[in-house]
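What follows is a single structure, written as structure tokens, with notes after it.
Numbering (my numbering), first residue to last: 5 to 328.
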């Protein structure tokens, strides 16, 4: 079966379709950029041997790789099948990569569509009805979720609900980290080794400093300064998906950590305010360890949400952010 993304390019349907969509500039970018480059994709649960509906796909954040989600998939494996991918500009991307929310949406529409197609084929073979499909975005990966829906890419029509981990509308990193991307590469390397440990210790609550510092340093030590500087200079303060959230017209489970020095809670307010069907859940978590520290509760809630997003929305829609 031909991928619908390819059909759009060949059919001449784009120009007719654009007459009815408000996001022409975004749509043109999504469908005309043919330079995208697939990176790493993987079913984290073996669906041929362990078919468990529903299905969920994860768009990873900038410094995450799909294998880091393996523990998460194993905990949820009795309740759902999980697919994960790293896109260009994320994790250990090629040196030609770009940290780009639009590019992430393009790759998601291709890779996740193919994964869900495989999933549906197994479902049909087993004689089961089509199961729900959930799209999870982690940190800057949430920006690609917003762009995917706003651009009306084919995958968007398949999604029954989204899970947004520390959602952001733009690249909101602490100023000292932003500053390093405008300094010489040699100095960035020096700063990662000699200055970052002190900053990591001071930027998190004292009672959680050990966990947070270790997590922060683990991420920092994986950065290739030459790649990071090139990627981030291209897009800092340029990409902004604020106006795209309103197009995500499915229930959206927003998970935020109350002690995250990278994505502070107020960075996620805009997504909550503009999403049509948001569910706000604030959790105790040091640094970016939101899932790792809360699986006792999330291990039950996430499968419930995947099975019936609208019921979970009706049950928890009263939850709102606490604003100072």
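For each residue, glycine too, the CB sits at the ideal point set by N, CA and C.
Three-state class that DSSP yields for residue 73 in the structure shown: helix
Out of 115, 275, 306 and 129, state which residue places its alpha-carbon closest to the alpha-carbon of residue 247. 275
Tell me whether residue 121 is buried or exposed, calling it buried when 16 or more other Cβ atoms sit within 10 Å of its Cβ. In summary, residue 121 is exposed, with fewer than 16 beta-carbon neighbours lying within 10 Å of its beta-carbon over all protein chains present.
With 8 Å as the threshold, decide whether the Cβ of residue 191 is near any Cβ in chain D. Although the question refers to chain D, the structure presented lacks it and comprises just one protein chain.
Report buried or exposed for residue 328, applying the criterion of at least 16 other Cβ atoms within 10 angstroms of its Cβ. exposed
For residue 324, collect the residues of the same chain with a Cβ closer than 7 Å to its Cβ; drop the 5 residues on either side in sequence, then sort them by chain order. The answer, listed in chain order, is 284.
For a test of the three-state rule: what should DSSP assign to residue 272, helix, strand or coil? DSSP places residue 272 in the helix class (H, G or I) of the three-state scheme.
Beta-carbon proximity check, residue 142 vs residue 106, cutoff 8 Å: no
For the pair the region 148 to 160 and the region 80 to 87, tell me if three or more CB-CB distances fall below 8 Å. Here the region 148 to 160 does not lie against the region 80 to 87, with fewer than 3 beta-carbon pairs under 8 Å apart.
Does the structure place the region 56 to 63 close enough to the region 136 to 156 that three or more beta carbon pairs sit under 8 Å? Because the criterion of three Cβ pairs below 8 Å is met, the region 136 to 156 and the region 56 to 63 touch.
Closer than 7 Å to a non-hydrogen atom of the ligand FMN - does that hold for the CB of residue 301? Absence of the ligand FMN is noted for the structure shown, with no ligands found whatsoever.
Roughly how many whole angstroms lie between the Cα atoms of residue 82 and residue 194? 45 Å
Can you check DSSP and say which residues form a bridge with residue 61? 87 and 139
Who pairs with residue 285 in a beta bridge, going by DSSP? 259
Euclidean distance between Cα positions of residue 288 and residue 263: Each residue's Cα considered, the two are about 7 Å apart.
In this structure, how does DSSP classify residue 98 when only helix, strand and coil are distinguished? Caution is warranted here: a pLDDT of 41 is assigned to residue 98, below 50, making its placement in the model unreliable, and the coordinate value is therefore given only provisionally. Residue 98: coil per DSSP, three-state reduction.
Helix, strand or coil: which one does DSSP assign to residue 14? Residue placement at residue 14 is poorly supported in this model, since its pLDDT is 34, which falls under 50; the coordinates are not used for a value here.
Identify whether residue 174 lies in helix, strand or coil by the three-state DSSP scheme. coil
Cβ separation of residue 137 and residue 58, assumed to be a contact under 8 Å, to the nearest whole Å: 6 Å
Helix, strand or coil at residue 155 according to DSSP, with G and I counted as helix: The DSSP-derived three-state label of residue 155 is coil.
Can you give me the C-alpha to C-alpha distance between residue 109 and residue 198, rounded to a whole angstrom? 36 Å
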